[in-house]
Structure formats: structure tokens, C-alpha cells
Amino acid sequence: MQTSDTNDQRAVRLEKLAKLRELGIQPYPERYDTTSTCLGARALPDGAKVRIAGRLMLFRSFGKLNFGHLQDPSGRVQVSFQRGELDEATLKWVTKLTDIGDFLGIEGELWTTKAGERTVQARAVSFLGKSLRPLPEKWHGLHDTDARYRRRYLDLLMSEETRRVFHVRSRVVSLVRSYLDQNGFLEVETPMLQAAASGAAARPFATHHNALDVDLYLRISPETYLKRLVAGGMDRVYASGRSSRKDGLDPSHLQEFTMLEYYAAYWSYRDNMRFVREMIQTVVREALGTLKIQVSGNEIDLGGEWPERSYRELLLEDCGIDLAAHGDHRSLEAAIRQKGIDLEFKKYRSRAALIDGLYKVVSRPKLIQPMFLTGHPTELVPLARRSDADPGTLDMFQVLVNTWEIVKAYSELVDPIDQRARLEEQVAMREAGDDETMMMEEDFLECMEHGMPPISGLGLGIDRFVALITGQESLREVVFFPMMRATTDSG
RNA sequence: GGGGACGUAGCUCAGUCGGCAGAGCAGCUGCCUUUUAAGCAGCGGGUCGUAGGUUCGAUUCCUACCGUCCUCACCA
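Here the first sequence stands for residues 18 to 508, where the numbers follow our numbering.
As C-alpha cells, then:
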């Protein structure tokens with residue numbers, strides 16, 4: 018072949034494609050029937066007949082005997098193309114016109130090589146799809162992060178670890194669904210485009226609807242819609258879907274992320290703590306076969322009871338400051354300064370924000386093993402119910418594992434008078450310049466005035482959860498196509 | 001947004017204290033009937049991210065820009 022001076026492996030492959038067509042071989046055929054997966058074929062006895070299909074990943078030629086590896090979702094199997102076992106015409110196009118990366122269908126029978134490798138001896142070969150570009154390096158695969166995310170299909174082909182992570186992700190989503198279904202929850206959907214973004218303190222992405230001439234926001238949380246459904250008599254509902262927030266980007270934050278939210282009438286946050294722990298343990302056990310996971314050098318055990326610690330306990334222990342002794346913002350700030358703890362005080366506008374900021378610096382980095390965090394100050398979440406015992410705190414918990422907040426849940430605020438006051442506080446903060454507060458939502462308040470039962474709801478960050486249990490340190494590793502900047506011609 | 005690292009062949013990576021750009025894999029030609037990332041011999045393949053600048057000469061030094069990752073800040 019004289020095409021090597023073109024500096025283009027694609028040109029060589031296009032030529033092979035044309036030659037296949039000349040031989041009457043359709044390079045992109047309609048279909049193919051198999052009797053086994055690649056991995057399944059290896060378990061068959063010698064002499065067994067089999068039809069398998071997959072992508073050719075390796076090819077070693079000895080002239081009259083050739084070995085290849087066919088890969089499908091189950092794994093790989095070695096195939097052999099041998100003079101005397103396969104007709105000469107087929108042997109010729111297999112060795113001359115196929116490339117690594119092509120799809121082949123093999124009909125043949127099992128045998129075992131001298132080296133003990135279970136192999137499918139090809140008796141007939143069907144061409145199932147031409148690849149015009151070379152695969153990444155067979156040993157190292159794709160290493161460049163940018164290339165792995167932008168061309169995830171290649172990463173998936175080349176990396177067993179990538180395939181494992183996304184397989185676990187699919188299993189987790191499916192297991193969570195069936196767990197909730199079995200416990201009487203109904204899966205529902207809520208709007209992604211909303212006139213007012215609600216349910217969380219975050220900046221929404223904005224867009225515009227031309228026909229209606231209205232500004233719309235992409236959802237930041239399904240929360241208030243799910244509560245409307247509970248008010249409508251749907252006592253247990255859940256939604257698993259994408260929300261997006263215009264926040265910073267780091268290994269534990271994505272622009273768009275998948276969140277599971279469920280709501281149960283007549284539950285308190287304490288019912289919810291028990292339920293979610295059992296749900297997580299069931300899901301992880303079934304997805305991984307163990308409750309012990311390795312991530313960022315730590316072994317984490319999700320089994321057993323998880324300890325419950327309050328903000329007050331943690332802060333007393335980690336920096337010696339007792340929240341009960343500092344009931345207002347100024348006093349707390351003075352205490353923190355006195356301890357010589359370096360915080361950017363000007364960005365914390367309330368005592369609650371300051372408590373949360375202090376916790377994130379002195380306590381959260383130590384929280385490796387699974388734990389329930391409770392005792393959140395009231396101003397932190399305008400949709401959560403105040404504690405009857407201490408109205409300054411909320412009936413709320415978070416699940417922390419490996420310093421990540423995996424779950425946030427609370428007894429829902431269902432008192433419309435209190436709700437209105439709490440949202441008005443948010444609006445006031447927004448007018449004072451905080452653009453991550455909640456917006457007023459009159460029709461949600463109207464819904465609440467029609468009456469709501471006691472409710473506890475929960476949000477589980479699916480991306481974080483999957484990253485945690487697969488040992489990934491970045492959420493981008495558990496999303497097929499994480500957001501990337503558009504490439505330009507100069508880039 | 002601040003700071004840092006990186007960008008060299010289709011892929012994984014060397015390298016140039018400024019002087020004609022390297023390897024392995026992949027590709028092409030040939031040999032080979034038991035390989036396991038097969039092997040052997042030979043061949044081809046590069047705007048060294050982009051654009052400027054300094055210089056006799058820039059892939060190398062400088063500046064800006066593009067992209068990725070890490071980190072700080074913000075948030076989940």
C-alpha cells in the first residue's frame with residue numbers, strides 16, 4: 018500500500034473501506050445475531066459453537082495464524098483467524114482490511130491455546146462497522162483529562178475503571194428508585210423552567226421565553242414543587258433529576274448536578290435519619306457488595322449506626338467556642354477572633370452564616386467517617402421547621418462522609434405564617450446585596466395556607482454519593498460529559 | 001476572580017541551559033501457525049496550543065490569548 022506518505026491513518030482506513038465495498042462487503046451492515054457475550058464465550062467448553070460480536074481491540078498476526086481480542090460490554094475474548102480453519106478469502110480481508118477499532122461478528126468454536134487462553138476459532142467473520150480513526154494507546158489508554166471528558170467514548174473503551182464507575186452509577190440510581198418504590202414512594206417530575214427559582218439559596222441560570230416574553234430560571238431545586246404535591250395528597254413522592262446553580266466550580270461542585278429529593282408526610286427529620294441510613298446501606302451493599310470504601314487514602318465504613326453530632330458539640334470540641342455562650346453575631350465574632358481563627362468576617366452577614374463558616378474551617382475537614390450533623394441555626398434554611406425545644410435551631414440534619422455533605426434533610430416548615438416571615442427575611446437580605454437568597458413565592462405560600470401535614474423531606478447528591486462509593490475525588494469523574502468550555506480553532 | 005502546573009506525532013510521554021525534533025504504541029512494507037502490550041527488519045508521520053515580541057536564528061526566552069487540571073475564595 019502506497020498511502021503511508023499521506024501522514025493520515027484515516028486515509029488508509031478510508032481506502033480499506035473502499036476495498037471492502039469492492040469485495041461486496043457492506044461495511045456498515047444492518048444487524049447481527051449473537052449467541053453469547055464475549056465474556057460468556059470464554060466459559061463455554063472446547064468445541065462449543067458460538068456467535069459473538071464486538072470491537073476489535075488488539076490484533077497479533079503470525080501470517081497464517083492471527084489472534085485478536087474482541088470487546089463488548091461483558092469484557093474481552095481472544096479470537097483466532099487461522100489458515101485451514103477459515104476460508105482464504107475471508108482470512109485475507111480480515112488481515113488486510115480490518116483495523117483495530119472495527120466491529121466484527123465472529124461465528125466459530127471454542128478452543129484452548131497452548132498458553133491456556135480460551136479462544137474463539139473463527140469459521141465465519143461478518144464485518145459490522147468500520148472505524149476511520151485509531152484508538153488510543155492500547156496500554157495507557159487516554160490520560161489527558163480534557164480528552165477523556167470531551168471524548169468520553171474513547172475513555173470508556175480503554176478504561177476498565179471508567180466503565181466500573183459508570184456502571185456503579187447506573188446501579189445506584191436504579192437501586193435508589195426501587196428502594197423508594199418499595200417503601201410506598203411515587204416518582205414524579207417537576208418543572209425545570211420556573212418563573213422564580215426556589216428551594217435553595219443559590220444563583221440560578223436565567224433564560225428568556227420569546228413567545229411568552231417572560232424571563233425564566235433553570236431550577237435550583239425541586240423542593241417547593243414536591244411539597245405542593247404532598248399538600249395535594251401525594252403523601253410520599255420523590256424526584257431524581259438535574260438542578261443547576263450558577264456557583265463556583267471545584268471537585269465537589271458542578272454547574273449541573275443530579276439530586277434525589279423525597280418527601281414523606283407524617284415523618285419528622287428523625288424518622289428520615291433512620292430511613293436514609295438504611296437506604297444508603299442497602300444501596301451500597303447491593304451495588305458494591307461491601308459497606309467499606311476506599312477514598313482519598315481513607316477507609317470509610319458505612320455500616321452500623323452513624324454518630325450524631327450537633328454544631329454546638331463539634332465547635333466546642335474543635336475550637337473551644339460554646340455557641341450557647343454567644344447568642345449574637347458580634348459576641349461570636351469576638352470569640353472567634355480571640356481564638357485567633359482566621360475567617361473573612363465581612364462575608365458572613367448573620368450569626369448563622371458565621372457559625373456555618375466557622376464549622377467549615379475547624380470541624381468539617383475532620384469529618385471522614387459517616388456522621389449526622391444536627392443543630393443547624395435557624396436562619397440557615399428558610400424552608401426548615403424550627404425545633405420545638407430550641408427555636409434558634411432547626412429540626413434538620415446533614416450526612417457527612419469524607420468531608421462531603423452527601424445529604425441535607427429536615428422536618429419541613431409547614432406553618433404559612435412562619436414561612437412568610439422567613440421568606441421576607443430572605444428578600445430583605447437580597448435587597449441588602451446577597452444574591453444567593455431565596456425569592457418570594459406567593460403561590461407556594463398560598464398552597465401552604467391550604468394546609469400541609471407534618472412532612473420530612475431529603476435531598477441526596479447523587480453525584481457526590483457515587484463519587485464517594487467509587488473512590489473518585491472529583492464529581493467530573495462520575496458524570497459522562499462534564500461541562501467544558503467550547504473549543505476554538507486557535508485552542 | 002487570585003495563585004500554581006501543564007499543552008510536543010492518532011495515543012502515552014521524553015527532550016531542547018536558543019542552533020535541522022525523539023521513543024514506545026498505532027500506521028505502512030516484509031518475515032513468522034500458539035501470541036497475551038507478541039517478536040524481528042525497514043519506512044512514513046510534527047505549524048512543538050494560538051498570536052505577537054526579543055534574537056542572525058525561537059519548540060525553547062518574554063507578553064497576551066485559548067484550553068485543561070490543582071489550589072484559594074463562593075456554594076451543595
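A virtual CB, placed ideally from N, CA and C, is assigned to each residue, including glycine.
Endpoints, beta strand (DSSP E) assigned at residue i
| i | result |
| --- | --- |
| residue 325 | 325-327 |
| residue 253 | 253-261 |
| residue 121 | 120-129 |
| residue 311 | 309-312 |
| residue 415 | 413-418 |
| residue 390 | 388-391 |
Reduced DSSP secondary structure (H/G/I, E/B, other) of residue i
| i | result |
| --- | --- |
| residue 483 | helix |
| residue 436 | helix |
| residue 200 | coil |
| residue 278 | strand |
| residue 29 | helix |
| residue 242 | helix |
| residue 478 | strand |
| residue 105 | helix |
| residue 444 | helix |
| residue 34 | helix |
| residue 166 | helix |
| residue 406 | coil |
| residue 248 | helix |
| residue 520 | The structure shown does not extend to residue 520, since the chain is modelled only from 18 to 508, so the question has no answer here. |
| residue 110 | helix |
| residue 91 | coil |
| residue 334 | helix |
| residue 362 | helix |
| residue 500 | coil |
| residue 172 | helix |
| residue 193 | helix |
| residue 221 | coil |
| residue 453 | coil |
Expected contact under 8 Å - CB spacing of residue i and residue j to nearest Å
| i | j | result |
| --- | --- | --- |
| residue 441 | residue 402 | Actually they do not touch by this definition, with Cβ atoms about 17 Å apart. |
| residue 236 | residue 257 | Contact doesn't hold; Cβ gap of about 13 Å is too wide. |
| residue 59 | residue 94 | 5 Å |
| residue 144 | residue 69 | About 14 Å; that fails the 8 Å criterion. |
| residue 102 | residue 140 | 7 Å |
Residue i, buried or exposed, once every other Cβ within 10 Å from all chains shown has been counted against 16
| i | result |
| --- | --- |
| residue 170 | exposed |
| residue 231 | exposed |
| residue 161 | exposed |
| residue 450 | exposed |
| residue 338 | buried |
| residue 40 | exposed |
| residue 390 | buried |
| residue 446 | buried |
| residue 500 | exposed |
| residue 137 | buried |
| residue 434 | exposed |
| residue 147 | buried |
| residue 210 | exposed |
| residue 414 | buried |
| residue 380 | buried |
One or two residues paired with residue i in a DSSP bridge
| i | result |
| --- | --- |
| residue 226 | 231 |
| residue 85 | 76 and 96 |
| residue 8 | For the chain, the structure presents residues 18 to 508; residue 8 sits outside this window and is missing. |
| residue 211 | 234 |
| residue 427 | 413 and 474 |
| residue 68 | 124 |
| residue 394 | 410 |
| residue 421 | 418 |
| residue 401 | 429 |
Enclosing alpha helix (DSSP H) for residue i [first to last residue]
| i | result |
| --- | --- |
| residue 56 | 55-59 |
| residue 289 | 286-305 |
| residue 146 | Here residue 146 belongs to no alpha helix (DSSP H); instead the beta strand (DSSP E) covers 135-146. |
| residue 372 | 368-379 |
| residue 316 | Residue 316 -> not in any alpha helix (DSSP H); beta strand (DSSP E) instead, spanning 315-318. |
| residue 461 | 459-466 |
| residue 349 | 346-355 |
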